[in-house]
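FYI, the numbering for the sequence shown is -16 to -1, 1 to 68, going by mature numbering (1 follows the signal peptide of the UniProt record, and there is no 0). Read the structure below first, then the notes.
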Amino acid sequence: MKWRLALLLVGSLVLAGCGKVNQENYSRLKAGQTKAEVEQILGAPTECAGALGVTTCTWGDRGSFISVQYLNDKVAMFAGQGLR
């Protein structure tokens, strides 16, 4: 029974995190914003990777995501797919 409660809790957290990956929040993103400003809008990223001073962070999953590229910790470019 405890594992069912844990599974329900994890599932709820995953769905709550995906709720910020939407067209409204995508529209709030602007070039030049800091990582902290973006995370205020979208929450913690699903994953980040970087090389040579460029970091790319992604929120969401394959079907619906927002991807942000940072140069020196400021938004350089961003893209989204499957947003509602």
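Even for Gly, the Cβ is constructed at its ideal location relative to N, Cα and C. Being a predicted model, the structure only gives us computed values, none of them experimental.
Exercise for review: List the endpoints of the continuous alpha helix (DSSP H) containing Val22.
Suggested key: Where Val22 is concerned, the enclosing alpha helix (DSSP H) stretches over Lys19 to Leu26.
Point to revise | Thr40 vs Gln53 beta-carbon contact at 8 Å | key: Cβ atoms of Thr40 and Gln53: closer than 8 Å.
Point to revise | Cβ-Cβ separation, Leu67 to Gln7 (assumed contact under 8 Å), whole Å | key: At roughly 4 Å, the Cβ-Cβ gap stays under 8 Å, so Gln7 and Leu67 are in contact.
Review point. By how many angstroms is the C-alpha of Ala60 removed from the C-alpha of Gly16?
Key: When rounded, the separation of the alpha-carbon atoms in Gly16 and Ala60 is 6 Å.
Practice item. Give a yes or no on whether the minimum CB-CB distance between Thr40 and chain B is below 8 Å. Key: Reference to chain B is not applicable here, since this structure consists of a single protein chain.
Exercise for review: Check whether the Cβ atoms of Gly37 and Asn56 sit closer than 8 Å, and answer yes or no.
Suggested key: Result yes, Cβ atoms of Gly37 and Asn56 sit closer than 8 Å.
Check your understanding: Taking the C-alpha atoms as reference points, what is the distance between Val5 and Phe49?
Key -> Cα atoms of Val5 and Phe49: separation of roughly 6 Å, rounded to the nearest angstrom.
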